[in-house]
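For the sequence shown, full-length UniProt numbering gives the first residue as 1, with consecutive numbering after it.
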Amino acid sequence: MAHVQSRDTTTTSCATSFTTNRHGTNRNLSEDITRPQQASTRKQVRIDDFYTGFSHEEERKLFERVLLEFQADNNLPDTFIERKSTYRLLHLAHKMAIDVDPLPSRKTQGGKVLDLYAVACEDYDIATQKECQQNSESRVNFLSDVWQNIAQAHLLGCMLWLYGKQVIYGLFKTGSRHDGVAIAQQMKQVMKKMEEEGWNIGAAVTDNAGQCGWARRILSLRWPQVAFSICFAHELNNLVRVVSKTEYSTVAKDASDAVNTIKTSSSMCLQRLRCACKKSTAMLCVCTSCATPAGIVCTDVSRHYFVFVVHWNYWG
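1) Grab me the residues of K188's own chain with a C-beta within less than 7 Å of its C-beta, minus the 5 sequence neighbours each way, in chain order.
2) Assuming C132 and Y163 form a contact by the criterion Cβ under 8 Å, report the distance between their Cβ atoms to the nearest whole angstrom.
3) Take every Cβ of the stretch 201-221, pair it with every Cβ of the stretch 126-144, and state whether three or more of those distances are shorter than 8 Å.
4) If you follow the alpha helix (DSSP H) that W214 is part of, which residue opens it and which one closes it?
5) Do L155 and W161 have their beta-carbon atoms positioned less than 7 Å apart in this structure?
6) Hey, V167 and D125 are a contact pair by Cβ (cut 8 Å); roughly how many whole angstroms apart?
7) What does the Cβ neighbour count give for W83, buried or exposed, with the cut at 16 atoms within 10 Å?
8) CB-CB under 8 Å to V251, same chain, minus the five flanking residues each way: which ones, in chain order?
9) Assuming Q71 contacts F80 under a Cβ cut-off of 8 Å, what Cβ separation, rounded to an integer in Å, is found between them?
10) To the nearest angstrom, report how far apart R106 and A184 are at their CA atoms.
11) Identify, in the order they occur along the chain, each residue of the same chain with its Cβ nearer than 8 Å to the Cβ of T86, setting aside the five sequence neighbours on each side.
12) Under the DSSP definition of a beta bridge, which residues are partnered with H154?
13) So, for G170: in the same chain, excluding its five sequence neighbours on each side, which residues have a beta-carbon less than 6 Å away from its beta-carbon?
14) Consult DSSP for Q166 and reduce its assignment to one of helix, strand or coil.
15) Quick one, which of R139, I98 and L90 has its alpha-carbon nearest Q225's?
16) By the three-class DSSP mapping on this structure, what secondary structure does N141 have?
17) G111 to A151, Cα distance in whole Å?
18) Considering only their Cβ atoms, is the gap separating A215 from G180 smaller than 7 Å?
19) Suppose contacts are defined by Cβ-Cβ distances below 7 Å. Is H178 in contact with D207 by that definition?
20) Taking the C-alpha atoms as reference points, what is the distance between M194 and V243?
21) Would DSSP call G202 helix, strand or coil?
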């Protein structure tokens, strides 16, 4: 009895220690339990692997809708989507390793960020202009004029021109004096700084004011190799201003007032005008009028009396 029990125990222990595979070889189960299982190299299947087309289409629709909302909220024209800056912004946001949040505040965007970008742009423009000057062995044109900013502070604006391309060299504060000697002293300091930085000045251009002419004559003694001349664009602006004060401006203003009177008239007057313009041409007497319960009352006829040939094709 004891012999049978020991045999069964031995048989049971052997059964728990060994098993036979399909090839007939014995394999230790304890080794299988203690042996670490190897990780499966097969990729886990995701649900979006079966619906990639649907997911991409919905994301594309969402992106286009958000882009349209961005355009409408910022009052942008339809051409903004074709600009390279739009593509650079979206492409950079897509490839960035960091999150776009948080966005810079309005104060930061218009302050520190703008200042850093302005300095980078100025350095790039000046370096490009100076490289063009060195490669072509040319002389730059120095343009100077006094401007006024929104704080009503007067600044001496200095620009450099070469082959139709301009570079803003700087804005310098001016003092309380605006005579020719003071302007010449400040322009002298700017021109000396330009020469120290490697600029080769060929001409200095200012407006044709009396104090500016005085400053040009003073500086021509210091730089005889530089041509000092007036700004012809400024002279053209003065010419247009003088011409606009002649009788031509009065006639043009009267014609403009007549057209505005017709366009801003009431619906009754405008309907009568269109009925009168059914012919190919019509002679019209236009005057300032106001609607009253008794009818249309003409006011100031002597001043607003005009005769026009109005074409029906225009008023159509």
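All C-beta atoms in this analysis are idealised placements derived from N, C-alpha and C, irrespective of residue type, glycine included.
Source: prediction; values computed, not measured.
Well, looking at it:
1) If you number the sequence shown from 1, residue 188 lands on position 188. Answer for K188: L219 and R222, listed in chain order.
2) Position 132 of the sequence shown holds residue 132. Position 163 of the sequence shown holds residue 163. Right, the Cβ-Cβ distance comes to about 7 Å (below 8 Å), so this counts as a contact.
3) yes
4) Numbered from 1 along the sequence shown, position 214 holds the residue referred to as residue 214. Segment G210 to R222, the alpha helix (DSSP H) holding W214.
5) For the purposes of this step, residue 161 is identified with residue 161 of the sequence shown, where counting begins at 1. For the purposes of this step, residue 155 is identified with residue 155 of the sequence shown, where counting begins at 1. Not a contact, by the Cβ cut-off of 7 Å.
6) One-based indexing of the sequence shown puts residue 167 at position 167. One-based indexing of the sequence shown puts residue 125 at position 125. Indeed they touch by this definition, with Cβ atoms about 5 Å apart.
7) As a first step, residue 83 must be located in the sequence shown, where it is residue number 83. Per the sequence presented here, residue 83 reads as Arg, with Trp not at that position. Label assigned to R83: exposed.
8) Counted from its first residue, the sequence shown places residue 251 at position 251. Cβ within range, chain order: n/a, list empty.
9) Translated into the one-based positions of the sequence shown, residue 71 becomes position 71. Translated into the one-based positions of the sequence shown, residue 80 becomes position 80. At roughly 7 Å, the Cβ-Cβ gap stays under 8 Å, so Q71 and F80 are in contact.
10) In the sequence shown, counting from the first residue as 1, residue 106 sits at position 106. In the sequence shown, counting from the first residue as 1, residue 184 sits at position 184. Distance between the alpha carbons of R106 and A184 is about 41 Å.
11) Numbered from its first residue, the sequence shown carries residue 86 at position 86. Closer than 8 Å at the Cβ level, and outside the excluded window around T86, lie F80.
12) Taking the first residue of the sequence shown as position 1, residue 154 is located at position 154. For H154, which the question treats as bridged, DSSP gives the partners Q148.
13) On the sequence shown, residue 170 is found 170 positions in, with the first residue counted as 1. C158, listed in sequence order.
14) Translated into positions along the sequence shown, residue 166 becomes position 166. Of the three classes helix, strand and coil, the one that applies to Q166 here is strand, per DSSP.
15) Working through the sequence shown from its first residue, we reach residue 225 at position 225. Nearest option by C-alpha distance: R139.
16) Residue 141 sits at position 141 when you count from the first residue of the sequence shown. Strand.
17) For the purposes of this step, residue 111 is taken as residue 111 along the sequence shown, with counting starting at 1. For the purposes of this step, residue 151 is taken as residue 151 along the sequence shown, with counting starting at 1. Looking at the two C-alpha atoms, the distance is approximately 17 Å.
18) Locating residue 180 in the sequence shown gives position 180, where the first residue counts as 1. Locating residue 215 in the sequence shown gives position 215, where the first residue counts as 1. Between G180 and A215, the CB-CB gap stays under 7 Å.
19) Counting from 1 along the sequence shown, the entry for residue 178 is found at position 178. Counting from 1 along the sequence shown, the entry for residue 207 is found at position 207. No; because the gap between Cβ atoms is not below 7 Å, this pair is not in contact.
20) Numbered from 1 along the sequence shown, position 194 holds the residue referred to as residue 194. Numbered from 1 along the sequence shown, position 243 holds the residue referred to as residue 243. Each residue's Cα considered, the two are about 39 Å apart.
21) For this step, residue 202 is matched to residue 202 along the sequence shown. Note: G202 maps to strand in three-state DSSP.
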